[in-house]
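Student: Residues 1 to 182, numbered by UniProt numbering, are exactly what the sequence shown covers, in order.
All C-beta atoms, glycine included, are put in the ideal place defined by N, C-alpha and C.
Remember, predicted model here, so these are calculated numbers, not experimental data.
First, the structure itself, so that you have it in front of you.
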Amino acid sequence: MMLMRQARGFSALGTKATNHAELRSKSLAMYKACMQEAPTVVRSYNLGRSTERFKKAIRAEFEFYRNVKDIDQAELLLHKAGQELDECFNMWKTKWHVEEMFDAFERTVQKLEERKRPAVVLDENTPLDILGKYVSICSDDPWDPKRLEEIYRMSLEDRIAFFEERLRSDDPIIKEFAEGRI
């Protein structure tokens, strides 16, 4: 005899939040519901992945949207999260859908880890500002005081012209710097 599961309405979390305190409590309630249902989803869909990994991925998804300040946007995100949870809990999704969702969650984990990494590994030879970084790429001696002083003394217009002139060159390193890849 097959056990019937009672349908739950996770997407219907009551009325719309009017302030950030209510929004926070709704977010925490949704987070708690997701964490409580994670073992059920992993077991029901036979994902072959640990519940802890699934919970970590869910947490990363919530962390990714942590800084959303607009109440309407946050409400929409909570509603969508509730719908996803309803569909998973009620077995309306296929295993493929849940695996794709899990993979998307794991990509979010990677994005969060990239955000936490420093853009530049700092040591005694690494310039701390973007201008110093540029000079270190363009000159043999990154800490050449005369070169740095010359650039710092330029007016804003002269600095812009200086950088634009360098950017027009065909040097691939300078192009990568301009595109933000360095």
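Determine the extent of the alpha helix (DSSP H) in which R66 is found, giving its start and end residues.
Tutor: No alpha helix (DSSP H) holds R66; DSSP gives it neither H nor E.
Student: Roughly how many angstroms separate the alpha carbons of S64 and E22, rounded to a whole number?
Tutor: Reading off the sequence, residue 64 comes out as Phe, not Ser. Cα to Cα, F64 sits roughly 20 Å from E22.
Student: Do you know how far the Cα of T94 is from the Cα of K32?
Tutor: Their backbone Cα atoms lie some 23 Å apart in a straight line.
Student: If you reduce the DSSP assignment to three classes, tell me which class V120 lands in.
Tutor: Confidence is the limiting factor: at V120 the pLDDT is only 44, short of 50, which leaves the residue's position unreliable and the question unanswerable from this model.
Student: Compare the C-alpha of Q73 against each of S27, A161, L156 and name the closest.
Tutor: Comparing Cα positions, the closest option is S27.
Student: Just checking my contact of F102 with T40 at CB under 8 Å: how many whole Å lie between their CB atoms?
Tutor: Going by Cβ atoms, the distance from F102 to T40 rounds to 14 Å, so no, they are not a contact pair.
Student: Quick check on H97 - is its C-beta less than 9 Å from some C-beta in chain D?
Tutor: Of the chains in the structure shown, none is chain D; there is only one protein chain.
Student: Grouping DSSP H, G and I as helix and E and B as strand, with all else coil, what is W92?
Tutor: Residue state, collapsed to three classes: coil.
Student: Around the Cβ of A81, are there at least 16 other Cβ atoms within 10 angstroms (buried) or fewer (exposed)?
Tutor: Buried: at least 16 other Cβ atoms inside 10 Å.
Student: Mind checking whether A60 and V109 have CB atoms under 9 Å apart?
Tutor: Closer than 9 Å, so yes.
Student: If you reduce the DSSP assignment to three classes, tell me which class K16 lands in.
Tutor: Correct three-state label for K16: coil.
Student: Taking L47 as the reference, which of E165, I160, W96, E106 has the closest Cα?
Tutor: Considering only alpha carbons, the answer is W96.
Student: Assign M30 to buried or exposed, taking buried as 16 or more other Cβ atoms, counted over all protein chains shown, within 10 Å of its Cβ.
Tutor: Buried is the call here.
Student: Do E75 and A17 have their beta-carbon atoms positioned less than 9 Å apart in this structure?
Tutor: Against a cut-off of 9 Å, the Cβ pair of E75 and A17 comes out as a contact.
Student: Considering Cα atoms alone, identify which of T15, E157, A161 is closest to residue 184.
Tutor: An answer regarding residue 184 cannot be provided, because it is not within the stretch 1 to 182 covered by the chain.
Student: Quick check: the Cα distance between R53 and E114, rounded to an integer number of angstroms?
Tutor: Each residue's alpha carbon lies about 18 Å from the other.
Student: Do you know offhand how far V42's Cα is from N19's?
Tutor: Using only the alpha carbons, I get a separation of about 34 Å.
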